[in-house]
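Undergrad:
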Amino acid sequence: MSETLPPIAVLLKEARRAYGAVLRREVERNGLTPLPANGAFVLGALHYGHSREDIMHQRGQALDKGRALARLVEAGYVLDEPDGLQLTASGHQCAHVITEATSALTTHLNQALGDEGYAHFVLGLMTLIDIKEEIEAQ
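Read left to right, the sequence shown gives residues 24 to 161 (our numbering).
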(Lines of atoms letter the chains of each structure in order from A and count residues from 1; the text may use other names and numbers.)
(Lines give C-alpha, C1' and ligand atoms only; values in the text may rest on other atoms or scores of the structure.)
Protein backbone atom coordinates (compact mmCIF):
# COMPACT_ATOMS: atom_id res chain seq x y z
CA MET A 1 0.00 0.00 0.00
CA SER A 2 2.78 2.45 0.84
CA GLU A 3 3.94 2.45 -2.81
CA THR A 4 0.65 4.08 -3.84
CA LEU A 5 0.83 6.87 -1.26
CA PRO A 6 2.81 10.12 -1.49
CA PRO A 7 6.04 10.33 0.55
CA ILE A 8 5.47 11.19 4.22
CA ALA A 9 7.83 14.20 4.01
CA VAL A 10 5.68 15.73 1.27
CA LEU A 11 2.51 15.06 3.24
CA LEU A 12 3.94 16.63 6.39
CA LYS A 13 5.02 19.74 4.51
CA GLU A 14 1.61 20.16 2.90
CA ALA A 15 -0.18 19.41 6.19
CA ARG A 16 1.77 22.19 7.89
CA ARG A 17 0.74 24.49 5.06
CA ALA A 18 -2.90 23.60 5.81
CA TYR A 19 -2.50 25.03 9.30
CA GLY A 20 -0.78 28.11 7.86
CA ALA A 21 -3.58 28.65 5.34
CA VAL A 22 -6.25 28.39 8.04
CA LEU A 23 -4.37 30.80 10.31
CA ARG A 24 -3.83 33.34 7.54
CA ARG A 25 -7.52 33.18 6.60
CA GLU A 26 -8.71 33.63 10.18
CA VAL A 27 -6.28 36.47 10.90
CA GLU A 28 -7.52 38.23 7.76
CA ARG A 29 -11.20 37.55 8.60
CA ASN A 30 -10.66 39.21 11.95
CA GLY A 31 -9.12 42.31 10.35
CA LEU A 32 -5.72 41.71 11.92
CA THR A 33 -2.30 42.45 10.47
CA PRO A 34 -0.90 39.41 8.58
CA LEU A 35 1.56 37.33 10.54
CA PRO A 36 5.16 36.74 9.47
CA ALA A 37 6.53 33.23 9.12
CA ASN A 38 6.78 31.72 12.63
CA GLY A 39 4.58 34.57 13.91
CA ALA A 40 1.82 32.27 15.11
CA PHE A 41 4.37 30.16 17.02
CA VAL A 42 5.89 33.24 18.69
CA LEU A 43 2.51 34.79 19.58
CA GLY A 44 1.29 31.48 20.96
CA ALA A 45 4.41 31.05 23.06
CA LEU A 46 4.07 34.56 24.49
CA HIS A 47 0.36 34.02 25.10
CA TYR A 48 1.23 30.98 27.23
CA GLY A 49 3.86 32.88 29.22
CA HIS A 50 7.09 31.83 27.53
CA SER A 51 10.04 34.21 27.66
CA ARG A 52 12.18 35.43 24.79
CA GLU A 53 14.81 32.85 25.76
CA ASP A 54 12.22 30.05 25.73
CA ILE A 55 11.01 31.10 22.29
CA MET A 56 14.46 31.37 20.76
CA HIS A 57 15.59 27.98 22.05
CA GLN A 58 12.49 25.92 21.31
CA ARG A 59 12.68 23.85 18.13
CA GLY A 60 15.66 25.70 16.67
CA GLN A 61 15.34 28.33 13.93
CA ALA A 62 16.34 31.13 16.31
CA LEU A 63 17.16 33.51 13.45
CA ASP A 64 13.75 33.00 11.85
CA LYS A 65 11.99 33.45 15.17
CA GLY A 66 14.04 36.56 15.86
CA ARG A 67 12.87 38.02 12.55
CA ALA A 68 9.29 37.04 13.35
CA LEU A 69 9.54 38.69 16.74
CA ALA A 70 10.86 41.92 15.21
CA ARG A 71 7.99 41.92 12.70
CA LEU A 72 5.45 41.24 15.45
CA VAL A 73 6.79 44.25 17.36
CA GLU A 74 6.53 46.37 14.18
CA ALA A 75 2.96 45.15 13.61
CA GLY A 76 1.97 46.18 17.14
CA TYR A 77 1.33 42.67 18.44
CA VAL A 78 4.24 42.62 20.89
CA LEU A 79 5.92 45.16 23.14
CA ASP A 80 9.64 44.67 23.73
CA GLU A 81 9.92 46.05 27.26
CA PRO A 82 13.00 46.09 29.50
CA ASP A 83 11.32 43.52 31.76
CA GLY A 84 10.48 41.22 28.84
CA LEU A 85 8.17 40.70 25.92
CA GLN A 86 4.48 41.46 26.35
CA LEU A 87 1.52 40.99 24.08
CA THR A 88 -0.52 44.06 23.24
CA ALA A 89 -4.32 43.94 23.11
CA SER A 90 -4.16 43.09 19.40
CA GLY A 91 -1.49 40.49 20.18
CA HIS A 92 -3.83 38.81 22.67
CA GLN A 93 -6.67 39.02 20.15
CA CYS A 94 -4.53 37.43 17.45
CA ALA A 95 -3.34 34.70 19.84
CA HIS A 96 -6.98 33.86 20.61
CA VAL A 97 -7.79 33.75 16.89
CA ILE A 98 -4.83 31.38 16.38
CA THR A 99 -5.91 29.16 19.28
CA GLU A 100 -9.50 28.97 18.06
CA ALA A 101 -8.46 28.28 14.46
CA THR A 102 -6.02 25.51 15.35
CA SER A 103 -8.55 23.96 17.72
CA ALA A 104 -11.24 24.00 15.02
CA LEU A 105 -8.86 22.44 12.48
CA THR A 106 -7.84 19.75 14.96
CA THR A 107 -11.50 19.00 15.71
CA HIS A 108 -12.22 18.78 11.97
CA LEU A 109 -9.31 16.37 11.53
CA ASN A 110 -10.48 14.23 14.45
CA GLN A 111 -14.00 14.07 13.01
CA ALA A 112 -12.67 13.16 9.56
CA LEU A 113 -10.44 10.36 10.90
CA GLY A 114 -12.57 9.15 13.79
CA ASP A 115 -11.20 8.73 17.29
CA GLU A 116 -9.16 5.63 16.52
CA GLY A 117 -7.72 7.02 13.28
CA TYR A 118 -6.90 10.30 14.99
CA ALA A 119 -5.15 8.47 17.84
CA HIS A 120 -3.05 6.54 15.31
CA PHE A 121 -2.25 9.76 13.44
CA VAL A 122 -1.07 11.46 16.64
CA LEU A 123 0.95 8.40 17.62
CA GLY A 124 2.67 8.48 14.23
CA LEU A 125 3.58 12.15 14.67
CA MET A 126 4.85 11.53 18.19
CA THR A 127 6.97 8.65 16.89
CA LEU A 128 8.56 10.95 14.32
CA ILE A 129 9.31 13.48 17.06
CA ASP A 130 10.88 10.74 19.19
CA ILE A 131 13.09 9.71 16.25
CA LYS A 132 14.19 13.33 15.76
CA GLU A 133 15.02 13.70 19.45
CA GLU A 134 17.04 10.47 19.43
CA ILE A 135 19.06 11.73 16.47
CA GLU A 136 19.62 15.14 18.08
CA ALA A 137 20.79 13.50 21.31
CA GLN A 138 23.57 11.60 19.50
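We treat Cβ as the ideally placed atom computed from N, Cα and C, and that holds for glycine. Just so we're clear, the structure is a prediction, and the values are computed from it rather than from any experiment.
1. Hey, which unbroken runs of the alpha helix (DSSP H) at 4 residues or more fall wholly within the segment 59-110?
2. Taking the continuous alpha helix (DSSP H) assigned at N53, which residues delimit it?
3. Is DSSP giving L46 helix, strand or coil here?
4. Candidates A135, Y100 and L128: which alpha carbon is nearest G43's?
5. Check whether the segment 86-99 and the segment 61-78 are in contact - that is, three or more C-beta pairs closer than 8 angstroms.
6. Does the distance from the CB of L58 to the CB of V45 come in under 8 angstroms?
7. Pull up the distance between the alpha-carbon of I78 and that of L55, whole angstroms please.
8. When DSSP labels each residue in this structure, what does L28 get in the three-state scheme?
9. Give me, in chain order, the residues of the same chain whose beta-carbon lies closer than 6 angstroms to that of S68; leave out the 5 immediate sequence neighbours on both sides.
TA: Let me lay it out:
1. Look at the segment 59-110 and you find these whole runs of alpha helix (DSSP H), each 4 residues long or longer: 62-70, 75-80 and 85-97.
2. For the purposes of this step, residue 53 is taken as the residue at position 30 of the sequence shown. Taken as a continuous stretch (DSSP letters only), N53 belongs to no alpha helix (DSSP H), as it is neither H nor E.
3. Here residue 46 refers to the residue found at position 23 of the sequence shown. In the structure shown, L46 sits in a helix (DSSP, three-state: H, G or I).
4. Residue mapping note: residue 43 aligns to position 20 of the sequence shown, counting from 1. Checking every option, the nearest Cα to that of G43 belongs to L128.
5. Counting C-beta pairs closer than 8 angstroms gives three or more between the segment 86-99 and the segment 61-78, which meets the contact rule.
6. Residue mapping note: residue 58 aligns to position 35 of the sequence shown, counting from 1. Residue mapping note: residue 45 aligns to position 22 of the sequence shown, counting from 1. No; because the gap between Cβ atoms is not below 8 angstroms, this pair is not in contact.
7. Taking the first residue of the sequence shown as 1, we reach residue 78 at position 55. Taking the first residue of the sequence shown as 1, we reach residue 55 at position 32. If you take the alpha carbons of I78 and L55, they lie about 22 angstroms apart.
8. Counting from 1 along the sequence shown, the entry for residue 28 is found at position 5. Three-state DSSP puts L28 in coil, outside helix and strand.
9. Position 45 of the sequence shown, counted from the first residue, corresponds to residue 68. Note on identity: in this sequence residue 68 is Ala, with Ser being the wrong assignment. These residues qualify, in order along the chain: I78.
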